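Chemist: Position in the sequence shown (from 1) plus 7 gives the number in our numbering.
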Amino acid sequence: MVLVAALAACGASARADWARFRGPHGNGVVEDKTFDPAVAGQGRVLWTAQAGQGYSALSVAGGRAFTMGNAGGKDSVICLDAATGQEVWRHSYDADAGSYPGPRASPWIDGARVYTMGYWGHVCCLDTATGKPVWEKNVAKEIGGDTGRWGLAGSPLVVGTTLFLNVGDSGCALDKNTGKVLWAGKGGPAGYATPIPMQFRGRPHLAIFGAKFLHIVDAATGKIASEHPWETSFDVNASDPVPAGNNRMFISSGYGKGCAMLDLTGPRAKEVWRNESIRNHFSSTLILGGHLYSCDGNTGKGDLVCLDVATGQEKWRQKVGFGSLIAINNLLVYLNERGDLTIAKASPAGFDRVAGAAALVTGGKAWTAPTFSDGRLFLRNDKGAIACVQAGPAK
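#1: Could you check the C-alpha separation between Ala353 and Leu311 for me, to the nearest Å?
#2: From Ile203 to Gly175, what does the alpha carbon distance come to, in whole angstroms?
#3: Considering only DSSP beta bridges, list what Pro377 is partnered with.
#4: To which residues of the same chain is Trp54 closer than 7 Å at the C-beta, ignoring the five residues directly before and after it?
#5: Which runs of the alpha helix (DSSP H), 4 residues or longer, sit entirely within the stretch 108-179?
#6: Beta strand (DSSP E) containing Ala398: first to last residue?
#7: Would you mind working out which of Phe385, Ala26 and Asn253 sits nearest Arg208, comparing C-alpha positions?
#8: Exposed or buried, what is Thr1 when buried is set at 16 or more other beta-carbons lying within 10 Å of its beta-carbon?
#9: Is DSSP giving Pro250 helix, strand or coil here?
#10: I need the boundaries of the beta strand (DSSP E) containing Pro211, first residue and last residue.
#11: Quick check on Ser301: buried or exposed, where buried means 16 or more other Cβ atoms within 10 Å of its Cβ?
#12: Which one of Trp115, Trp127 and Gly69 has the shortest CA to CA distance from Gly80?
#13: Are the stretch 23-42 and the stretch 104-115 touching by the rule of at least three beta carbon pairs closer than 8 Å?
#14: Can you tell me which of Ala401, Asp389, Asp381 and Thr123 puts its alpha carbon nearest to the alpha carbon of Gly69?
#15: State yes or no: is the C-beta of Tyr356 within less than 7 Å of the C-beta of Gly370?
#16: Thinking C-alpha only, which one of Gln320, Cys313 and Gly319 is nearest Leu332?
#17: In angstroms with no decimal places, state the Cα-to-Cα distance between Cys131 and Ala218.
#18: Using only CA atoms, which one of Val243, Trp157, Pro196 and Ala398 lies nearest to Pro108?
#19: Just verifying my parser: in three-state terms, what is the DSSP assignment at Phe241?
#20: Three-state secondary structure (DSSP) at Val312?
#21: Once the 5 residues before and after Gln57 are set aside, which same chain residues still bring their CB inside 6 Å of it?
#22: Which residue comes first and which comes last in the beta strand (DSSP E) that contains Pro204?
#23: Considering only residues of the same chain and omitting the five flanking positions on each side of Ala21, which have a CB-CB separation below 7 Å?
#24: Which residue wins for smallest C-alpha separation from Ala45, given the options Trp374, Asp389 and Ala364?
#25: Would you mind sorting Asp359 into buried or exposed? The rule is 16 or more other CB atoms within 10 Å of its CB.
#26: According to DSSP, is Val95 helix, strand or coil?
#27: Return the CA-CA distance between Arg210 and Lys372, expressed in angstroms with no decimal places.
#28: Less than 7 Å between the beta carbons of Arg51 and Gln397, yes or no?
#29: Would you identify the three-state DSSP class for Ala47, choosing helix, strand or coil?
#30: When you compare the CB positions of Asp247 and Ser290, do they come within less than 7 Å of one another, or not?
#31: In three-state terms, what does DSSP make of Gln325?
#32: Could you spell out where the beta strand (DSSP E) holding Ala1 opens and where it closes?
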C-alpha cells in the first residue's frame with residue numbers, strides 16, 4: 008500500500024518547484040501564477056553560468072538549481088543558487104565525456120537528497136545542502152547493463168523509498184537510501200527515456216521505453232507485465248512515453264519512425280492509431296485538452312505540431328526549428344536548438360504566437376527542455392551554457 012500511495016502522489020505536487028525532469032507532474036505541464044509570457048518574451052537574462060558539456064536539464068527546488076556537466080575528464084553534479092547563479096557546491100568523479108559528450112539525465116531532488124545518473128551509469132545520492140555523497144556507484148556495471156551507442160539518458164525516478172532507472176533492457180530498481188539493487192531486468196541495451204509511473208491492472212507499474220520494446224513493468228518485482236515492439240534506427244527510443252488516460256499510452260521515435268497511441272487494456276498492447284506526424288528524436292510530447300503538442304523531426308529540421316489524441320489527426324504544423332517544449336498555464340513554451348524562445352497558445356485551432364525572444368542561450372545546440380520555477384526559465388545548451396531568464400514579476 009505504501010508504493011500505491013507513493014505512485015498516486017508522484018507528480019501531484021502543487022509547489023512552484025521543478026524538482027525532476029519534465030516538472031512536478033513528470034509530463035511537462037504546469038499551472039503557475041508566477042509565469043508572465045509578456046515578461047518572458049522580453050528575453051531578459053538574469054544570470055548565466057557554465058556547467059560543462061552535456062544535456063542535463065536543470066531541476067529546481069528550495070531556491071537551488073541542480074544540473075550535470077562534463078569537463079576535464081570528470082562528470083560534475085552542480086548546485087547553483089537559483090536567484091543568482093552562484094555556485095553553491097559541486098561533486099565530481101572521473102568520467103569520459105562519451106559521444107555527443109556529457110551527461111544526459113536530469114537530477115531528481117527528493118528533499119534532503121538529490122539523485123543523478125551519468126552517461127556510463129554512475130549513480131549518485133548526494134546531500135542537497137552540501138553535495139556530500141550518501142552513496143554512489145556504477146549501476147550499469149553492477150547489473151550488466153549496456154550503455155548503448157550514446158550513453159544512458161533516462162532521468163532518475165523516485166517513488167517512496169525506491170529509485171527507478173532505465174538501465175538494462177527493462178529497467179532496474181534500487182533502495183534509494185542505500186543503493187542496494189532490488190531488481191533488475193536482463194543486462195543489455197536500454198532505451199534513452201525516463202521511467203514513467205502508472206497503474207496497470209490495479210497495481211503500480213512503470214512504462215519503460217527500452218531499446219526495442221515499450222515495457223510495462225511491475226514496480227515491485229520488475230516482472231514484465233506487457234510489452235509492445237518498437238524498433239527504431241540505432242535503437243533510439245528517447246522520448247518519454249505519455250499516459251493518455253483510459254489505459255492508453257502515446258509513444259514516438261525519430262529517424263522517420265513516427266508515433267502510435269497504444270491501448271493497454273487487453274493481454275497485448277494494440278495500436279489504436281499510428282502515423283508519422285510526430286517523429287520525436289528525443290524531445291517529449293505534451294497532452295493538453297485532448298490534443299498532443301510536440302516537435303516533429305530530427306535535429307536541424309523540427310516543426311511544432313498539434314494532433315488529436317483520439318484519432319491522431321494532424322491539426323496544424325509550424326516551422327519553428329528543432330527543439331523541446333513545456334506548457335505553462337495552457338501556453339506552449341518552446342526552445343529551439345538555436346536558443347530561440349517561442350510562446351504560443353495550446354489550441355487545436357492553429358498556431359498562435361503570443362511572445363518570444365531570440366538567442367537566449369548561445370554557443371551550442373539547445374536540445375535540453377526548458378525548466379520553469381518561481382517566475383524564471385532555466386535554459387541550457389550542449390556546451391554547458393546556462394541562462395536564467397526572467398519570466399514573471401521581478402523579485
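All C-beta atoms, glycine included, are put in the ideal place defined by N, C-alpha and C.
Since the structure is predicted, the reported quantities are computational estimates derived from the model, not experimental observations.
Modeler: In brief:
#1: 11 Å
#2: 16 Å
#3: In DSSP, Pro377 forms no bridge with anything.
#4: Thr91, Gly92 and Cys395
#5: 146-150
#6: Counting along the chain, Ala398 falls outside any beta strand (DSSP E), and DSSP gives it neither H nor E.
#7: Asn253
#8: The chain is shown only over 8 to 402; residue 1 falls outside these bounds and no answer can be derived.
#9: strand
#10: Arg210 to Phe216
#11: buried
#12: Trp127
#13: yes
#14: Asp381
#15: In the sequence on display, residue 356 carries Ala and not Tyr. The answer is no: Cβ separation not under 7 Å.
#16: Cys313
#17: 24 Å
#18: Trp157
#19: helix
#20: strand
#21: Gly391
#22: Ile203 to Phe207
#23: Residue placement at Ala21 is flagged as unreliable, the pLDDT there being 40, under the threshold of 50; the coordinate-derived value follows with that caveat. Nothing listed; no residue qualifies.
#24: Ala364
#25: exposed
#26: strand
#27: 41 Å
#28: yes
#29: helix
#30: no
#31: strand
#32: Residue 1 is absent from the model: the chain starts at 8 and stops at 402.
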